[in-house]
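Yeah, the sequence shown ends on 353 if you go by the working numbering, and it's all consecutive. We put the beta carbon where it would ideally sit given N, CA and C, even for glycine. Every value quoted in this text rests on a predicted model; they were computed, and no experiment measured them. A quick write-up on the structure given underneath.
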Amino acid sequence: MTIVALKKLHNKKVSILGESWTIKVIDSNMECYEKRVLEDQEANALTQAYLREIWVNADAYISTEDSQQMPDDNPAVDQDITHELYHAFYMEAGLDICTGTDGCENGWARNETMIDWNAKMFPKILKVRRKLGVKDEF
Numbered sequence: 216m217t218i219v220a221l222k223k224l225h226n227k228k229v230s231i232l233g234e235s236w237t238i239k240v241i242d243s244n245m246e247c248y249e250k251r252v253l254e255d256q257e258a259n260a261l262t263q264a265y266l267r268e269i270w271v272n273a274d275a276y277i278s279t280e281d282s283q284q285m286p287d288d289n290p291a292v293d294q295d296i297t298h299e300l301y302h303a304f305y306m307e308a309g310l311d312i313c314t315g316t317d318g319c320e321n322g323w324a325r326n327e328t329m330i331d332w333n334a335k336m337f338p339k340i341l342k343v344r345r346k347l348g349v350k351d352e353f
């Protein structure tokens, strides 16, 4: 995904389990709360359940040599957005709370390793499903 394509996602609305969520693409030209939170947490992207927003830090994907360029096909962008979408789906399904045995704080649906695994495996699973002719919806 190019930086232009990524920035086109800014303020894009998506439906997640029937609820409207907004994708916000934040960059260095913006002075806003979202930018400060992303910087403070050193995050490429974050999901905010209470706002139903996914924040993406565009600057995290831009090369330092050319401030407006990133590789045409940067898999990190796709993986990070997919990662945050998993968080959003789990949050809307109520799975982000009380999926653990230690007071609901560290359940599998909040486990970053588990979310990363889902995001990384999704394209591979989708490829096998399509090869087998499995329908996208059932």
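Judging by CA-CA distance, which residue of the options is the nearest neighbour of residue i?
i	options	result
Glu246	Trp236, Asn272 and Thr262	Asn272
Asn333	His302, Arg251 and Lys250	His302
Met329	Glu307, Thr297 and Glu352	Thr297
Asp311	Ala264, Asp293 and Asp242	Ala264
Ala308	Gly233, Leu221, Ile218 and Lys222	Gly233
Ile241	Ala258, Ile340, Lys342 and Glu327	Ala258
Val229	Met336, Arg344, Phe304 and Pro290	Phe304
What is the DSSP secondary structure of residue i, reduced to helix, strand or coil?
i	result
Val229	strand
Lys339	helix
Glu257	coil
Tell me which residue opens and which closes the alpha helix (DSSP H) that residue i is part of.
i	result
Ala220	Ile218 to Lys222
Met306	Pro290 to Glu307
I think residue i touches residue j, with their Cβ atoms under 8 Å apart; what is that distance to the nearest whole Å?
i	j	result
Met216	Asp293	6 Å
Met306	Thr237	Not confirmed; about 14 Å, so no contact.
Can you tell me whether residue i is buried or exposed? The criterion is at least 16 other CB atoms within 10 Å of its CB, across all chains shown.
i	result
Leu300	buried
Ala291	exposed
Lys222	exposed
Would you kindly report the start and end of the unbroken beta strand (DSSP E) that includes residue i?
i	result
Glu268	Glu268 to Asn272
Val240	Glu234 to Ile241
Using a Cβ cut-off of 8 Å (strictly closer), state whether residue i contacts chain B.
i	result
Lys239	Absent from the structure is chain B; it holds one protein chain and no more.
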